[in-house]
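**Student:** Handing you this structure, nothing more for now.
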Amino acid sequence: MPSLVPAPLQSLRRWFTARRPEAQEGSRDNARRNISAHYDLSNDLFALFLDPTMTYSSALFEVDGAGRPVAAGTLLEAAQRRKIDQLLDLARVGRGSRVLEIGTGWGELALRAADRGARVVSLTLSAEQQALARARIAAAGHTDRVEVRLCDYRDATGQYDAAVSVEMIEAVGYHHWPAYFGVLDRVLAPGGRVALQAITMPHDRMLASRETFTWIQKYIFPGGLLPSVEAIEQALADHTALRLTGDRPLGAHYAETLRLWRERFGERAHEVERLGFDRVFQRMWTFYLAYCEAGFRSGYLDVRQLLLTRPEDCR
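Take the sequence shown: its letters are residues 44 to 358, numbered as in our numbering.
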């Protein structure tokens with residue numbers, strides 16, 4: 044990627060690269076619109092290619108003797124639960140834990156935490172996700188343990204033993220990372236732990252693209268930006284008492300997750316069309332899933348489970 048444009052010409056980038064519209068900047072009002080543009084498309088659409096857990100993030104497969112993920116459609120549901128359980132273990136979520144989840148998805152992580160005896164407050168900006176997550180939580184008999192709020196992360200209240208957020212930071216926006224990490228620091232009780240799953244990109248590429256208007260931002264994820272590990276560490280050091288104390292890369296697992304989603308999306312094209320999504324939309328989403336898969340297969344992108352703690356809590 045760094046060599047596609049010859050080095051002498053790279054300084055000209057700012058003169059011809061489109062700038063991100065102000066309407067996608069991650070303010071409170073914009074954030075709700077940005078999230079709705081993707082996640083409120085249709086719960087039925089996502090159900091066509093996701094597994095029964097309705098988990099829209101990288102799974103964690105078992106690996107073979109060479110360390111390669113063993114991925115098949117029949118294994119995806121178990122792999123998603125394995126990923127969630129590893130995150131909950133990282134945050135030490137157990138009976139009696141007070142848990143804040145930033146980014147509900149369709150409720151699977153909150154359900155898994157409640158199964159462990161935790162009490163969960165989960166925040167989302169997607170009305171569609173909130174409705175289905177609440178229905179799933181009620182069906183599981185966990186309404187007394189899980190509350191799903193339509194709420195901006197900046198408005199989080201309370202104190203929690205654990206904070207968990209899965210592939211949410213990518214929607215926050217570069218200028219709002221200090222606020223996002225500041226909230227995690229503010230709500231975390233003494234001795235608490237933060238477990239994040241975050242898609243990352245190389246630091247130099249993040250710096251080069253953070254103000255540009257990319258294809259993904261225009262058509263798929265308005266306002267999105269992938270952080271680098273360096274950027275996360277810098278934001279933590281500058282704005283919080285939290286530090287990065289654990290890092291588990293899972294990039295190869297995301298490539299396989301995306302392959303399975305892409306194949307299922309293609310196999311169910313007629314059902315996608317019956318939901319009102321035409322062939323142009325289907326080609327765009329097939330490209331989006333393949334584009335992301337290629338990013339992980341090439342190693343240009345990674346996804347990591349990150350542990351954040353306060354150094355003073357370890358003394």
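In this text, a Cβ means the ideal position worked out from N, Cα and C, and glycines have one as well.
Cutting at 7 Å between CB atoms, please list the residues of its own chain near residue 332, excluding the five before and the five after it.
**Tutor:** Around residue 332: 301, 304, 305 and 308.
**Student:** Residue 131: which of 209, 182 and 148 sits nearest, CA to CA?
**Tutor:** That would be 209, whose Cα lies nearest to the Cα of residue 131.
**Student:** Of the residues 200, 289, 229 and 136, which one's Cα is nearest the Cα of residue 207?
**Tutor:** Of 200, 289, 229 and 136, the residue nearest in Cα terms is 136.
**Student:** Near residue 354, which residues of its chain fall below 7 Å by C-beta distance, leaving aside the five closest residues on each side in sequence?
**Tutor:** Excluding positions up to five away in sequence, the list reads 286.
**Student:** If we count Cβ pairs, one from each stretch, closer than 8 Å, do we get three or more for the stretch 195–202 versus the stretch 222–232?
**Tutor:** With the cut-off at 8 Å, the stretch 195–202 and the stretch 222–232 touch.
**Student:** If distances are taken between C-alpha atoms only, which option among 295, 152 and 167 comes closest to residue 109?
**Tutor:** Nearest option by C-alpha distance: 295.
**Student:** Is it the case that the stretch 160–178 contacts the stretch 74–89, given that we only count it when at least three CB pairs across the two stretches are under 8 Å?
**Tutor:** Result yes; three or more Cβ-Cβ pairs closer than 8 Å.
**Student:** If I measure Cβ to Cβ from residue 191 and keep anything under 6 Å in the same chain, skipping five residues before and after, which residues do I get?
**Tutor:** For residue 191, where only same-chain residues beyond five positions count, the Cβ hits under 6 Å are 147, 165, 173, 176 and 177.
**Student:** Please go through the same chain and pick out, in chain order, the residues whose beta-carbon is closer than 7 Å to the beta-carbon of residue 125, but skip the five residues on each side of it.
**Tutor:** Correct list, in chain order: 103.
**Student:** Under 8 Å between the Cβ atoms of residue 188 and residue 163?
**Tutor:** Result yes, Cβ atoms of residue 188 and residue 163 sit closer than 8 Å.
**Student:** Since residue 166 is in the alpha helix (DSSP H), which residue starts that stretch and which ends it?
**Tutor:** Not the alpha helix (DSSP H): residue 166 falls in the beta strand (DSSP E), residues 162–167.
**Student:** Using the rule of at least 16 other Cβ atoms within 10 Å of the residue's Cβ for burial, across every protein chain shown, is residue 321 buried or exposed?
**Tutor:** Flag for residue 321 reads exposed.
**Student:** Identify, in the order they occur along the chain, each residue of the same chain with its Cβ nearer than 6 Å to the Cβ of residue 150, setting aside the five sequence neighbours on each side.
**Tutor:** Excluding positions up to five away in sequence, the list reads 176, 179 and 180.
**Student:** Among the candidates 323, 216, 247 and 79, whose CA atom is the shortest distance from the CA of residue 70?
**Tutor:** Of 323, 216, 247 and 79, the residue nearest in Cα terms is 216.
**Student:** Please name the residue in 212, 144, 243 and 232 whose C-alpha comes closest to that of residue 194.
**Tutor:** Per the Cα distances, 144.
**Student:** Determine the extent of the beta strand (DSSP E) in which residue 240 is found, giving its start and end residues.
**Tutor:** Note, residue 240: beta strand (DSSP E), 231–243.
**Student:** Just tell me which of 351, 74 and 115 has its CA closest to the CA of residue 231.
**Tutor:** Among 351, 74 and 115, the Cα nearest to that of residue 231 is on 351.
**Student:** Output the distance between the C-alpha atoms of residue 267 and residue 273, rounded to the nearest integer angstrom.
**Tutor:** Computed Cα separation, rounded: 18 Å.
**Student:** Helix or strand or just coil, what does DSSP make of residue 289?
**Tutor:** DSSP places residue 289 in strand when its eight states are reduced to three.
**Student:** Tell me, to the nearest whole angstrom, how far the beta carbon of residue 255 is from that of residue 76; I am working on the premise that it is less than 8 Å.
**Tutor:** Actually they do not touch by this definition, with Cβ atoms about 20 Å apart.
**Student:** Kindly list the residues whose CB is nearer than 6 Å to the CB of residue 167, restricted to its own chain and excluding five residues on each side of it in sequence; keep chain order.
**Tutor:** Result list for residue 167: 147 and 173, in chain order.
**Student:** Candidates 105, 349, 157 and 80: which alpha carbon is nearest residue 292's?
**Tutor:** Comparing Cα positions, the closest option is 349.
**Student:** Would residue 242 pass as a contact of residue 276 if the rule is Cβ separation under 8 Å?
**Tutor:** No, they are not a contact pair.
**Student:** Tell me the rounded alpha-carbon separation between residue 94 and residue 299.
**Tutor:** Roughly 14 Å between the two C-alpha positions.
**Student:** Which residues mark the beginning and the end of the alpha helix (DSSP H) in which residue 275 is found?
**Tutor:** Note, residue 275: alpha helix (DSSP H), 272–282.
**Student:** Note down, in chain order, each residue of its chain lying with its Cβ closer than 6 Å to the Cβ of residue 114, except the 5 sequence neighbours on either side.
**Tutor:** If we look at residue 114 and ignore the five residues flanking it on each side, its Cβ neighbours are 104 and 299.
**Student:** When burial is assigned at 16 or more other CB atoms within 10 Å of the CB, is residue 111 buried or exposed?
**Tutor:** So residue 111 ends up on the exposed side.
**Student:** Is there at least one Cβ from chain C nearer than 8 Å to residue 305's Cβ?
**Tutor:** Although the question refers to chain C, the structure presented lacks it and comprises just one protein chain.
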